[in-house]
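The next block holds one structure in the form of structure tokens; read it before the comments.
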Amino acid sequence: MRNKFLIAATVCALLAGSCSTNQATADIRGVDSSELAGQRTVLQPGDSGPSASDDGVDNSDGGGDGDDPSQPVETDSGETVDRSQGRTGILTKASSEAEASERGVFELICTAVKEAAFDPIQGGNSPLNFFIGNSEISATSTNDGNAATDISTSDGSSCPGGRADLSSYWVPAMYNADGNVVRPDSVRITYSRFTHDGTKIQAPPAGLTAISGDRTATAPQSTAVAIWNCFDSGGTPRPGYGSDATSLIPACASDESLTLQQRFHQCFNESASPTSNLARGNDLPTAATGPGNTQIGRQCPSSHPISLPGLSIELRWRPGTIGSGSDGWYLSSDDTNNDGSPDVPGGTTSNGGWMSSWDTEIAETWVTNCIQTASHCFAGKLGDGTALS
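Per my numbering, residue 10 is the first one in the sequence shown, and the count goes up by one each step.
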């Protein structure tokens with residue numbers, strides 16, 4: 010088990026401090042200027058729009074209450090967590106317990122680490138990607154136990170918890186109609202039960218590496234892979250979240266927010282390659298009553314028998330960042346000829362990468378308390394009265 014005694018996740022606070030600036034330099038938030046030199050302007054997130062997410066999640070709640078990290082913390086249940094015994098800088102007292110949820114959700118509010126034109130899993134001639142989480146991710150990064158390249162040896166993350174979660178997550182960079190990179194205003198990582206039997210879901214295993222979607226797609230992909238939508242100022246989706254959402258980038262108006270939910274399938278085959286080790290669950294012929302009186306509608310096939318939490322990488326561009334609207338926006342991977350313009354409709358090539366590197370004890374805690382019990386653990390809350398900070 011990796012060392013848990015490092016002071017956690019000052020990275021998020023430091024990175025977030027630069028998010029509201031209007032500088033158009035490519036070095037903000039760790040971007041390597043050599044990746045973008047002479048190519049495109051990098052637009053910073055706009056300052057307008059609400060600070061909380063439009064769907065009711067308070068992004069300002071980092072999960073902690075500012076306690077002295079050198080002192081033991083009493084949880085909401087009265088248990089004392091001694092930070093000198095293995096959880097220093099990772100946990101703080103949670104401001105509230107988890108809430109009941111039909112989905113069973115564990116959620117992290119993060120920031121983007123950098124934009125860079127590499128893909129540690131797929132390699133090759135990679136388009137520009139937004140990287141989230143692990144602060145030292147590179148083209149040669151692995152999570153295979155190689156001490157020289159394994160991301161578990163990194164110092165921190167742009168997600169809460171410091172070295173508790175050294176996972177790396179990434180999606181293609183976004184360009185507006187003028188060909189400028191547009192950074193998201195908010196980034197959220199969620200792990201969900203969805204309609205799987207929560208009691209069978211396991212924590213992401215060490216060494217898990219997976220991709221979602223197809224960066225070479227020429228036709229729109231399923232909304233089981235990527236969901237795009239527009240939200241008005243009241244948080245109402247247009248035209249409707251779920252079956253009516255689109256797998257292509259919609260033309261959101263200037264007063265709306267554009268959102269992406271890049272989804273990873275939940276059924277795992279530990280012997281398969283990263284391009285095929287995750288599969289979608291099979292529909293059950295008759296829905297059964299599951300934990301917390303929720304419905305179980307899917308189960309994993311024999312080819313991919315291990316049930317994992319469903320990972321989603323969720324990005325949001327708010328009014329102000331969108332400017333006159335998102336008409337004509339496209340992903341870096343949509344520019345298949347690398348000539349500065351999309352070759353397929355925007356969003357066609359939606360894809361994501363995931364190198365999992367969770368501390369085993371912490372991951373098992375949130376899977377047990379949040380996923381298996383069908384609770385909603387906001388902003389890094391672990392469901393036991395503590396939260397990642």
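Backbone N, C-alpha and C fix where the C-beta goes; we use that ideal spot for every residue, glycine too.
Check whether residue i and residue j have beta carbons under 8 Å apart
| i | j | result |
| --- | --- | --- |
| S316 | G113 | no |
| A266 | G332 | The identity of residue 266 in the sequence shown is Ser, whereas the question assumes Ala. For S266 and G332, no; Cβs fall outside 8 Å. |
| W367 | A226 | no |
| A288 | P310 | yes |
| S335 | I258 | yes |
| T369 | G207 | no |
| S359 | L340 | yes |
| S221 | F273 | yes |
| F127 | C379 | no |
| N291 | R307 | yes |
| C261 | R197 | no |
| W237 | A215 | no |
| T204 | E323 | no |
| T232 | S256 | yes |
| V234 | P318 | no |
| G389 | G171 | no |
| A228 | T357 | yes |
| A125 | R192 | no |
| C386 | G394 | no |
When the options are compared against residue i, the one with the closest alpha-carbon
| i | options | result |
| --- | --- | --- |
| Q271 | S201, G337, P314, P310 | S201 |
| M364 | A288, N238, P129 | P129 |
| S282 | S342, A219, L269 | A219 |
| V353 | T232, S366, W338 | W338 |
| T374 | I210, S161, A288 | I210 |
| R224 | D393, D344, C386 | D344 |
| E145 | G133, L117, D174 | D174 |
| S398 | A125, S166, E124 | S166 |
| N346 | N134, T120, E124, K123 | N134 |
| T268 | C168, G290, S242 | S242 |
| S342 | Q131, T245, T284, A396 | Q131 |
| P328 | Y184, M183, C239 | C239 |
| R325 | M183, I160, S161, A157 | M183 |
| N284 | S161, G361, G355, I160 | Before going on, a small fix: residue 284 reads as Thr here, not Asn. Here the closest residue by C-alpha is G361. |
| G355 | L217, Q230, Q275 | Q230 |
DSSP beta-bridge partners of residue i
| i | result |
| --- | --- |
| E370 | For E370, which the question treats as bridged, DSSP gives no partner whatsoever. |
| P181 | N138 |
| C174 | Position check: residue 174 holds Asp in this sequence, whereas Cys was assumed. D174 pairs with W367. |
| K390 | A396 |
| E338 | Checking the sequence shown, residue 338 turns out to be Trp, not Glu. Answer by DSSP bridge pairing: none, since W338 is not bridged. |
| R325 | S195, T268 |
| F115 | Y200, C386 |
| L317 | Its beta-bridge partners do not exist; DSSP assigns none. |
| G290 | Looking at the DSSP assignment, G290 forms no beta bridge with any residue, so it has no partner. |
| A235 | Q271 |
Taking only runs of the alpha helix (DSSP H) that begin and end inside the segment 240-280, which ones reach a length of at least 4 residues, in chain order? none
Counting pairs of Cβ atoms below 8 Å between the segment 177-186 and the segment 120-139, do you hit three or more? yes
contact_flag[the segment 147-159, the segment 181-194] where n(CB pairs < 8 Å) is 3 or more: no
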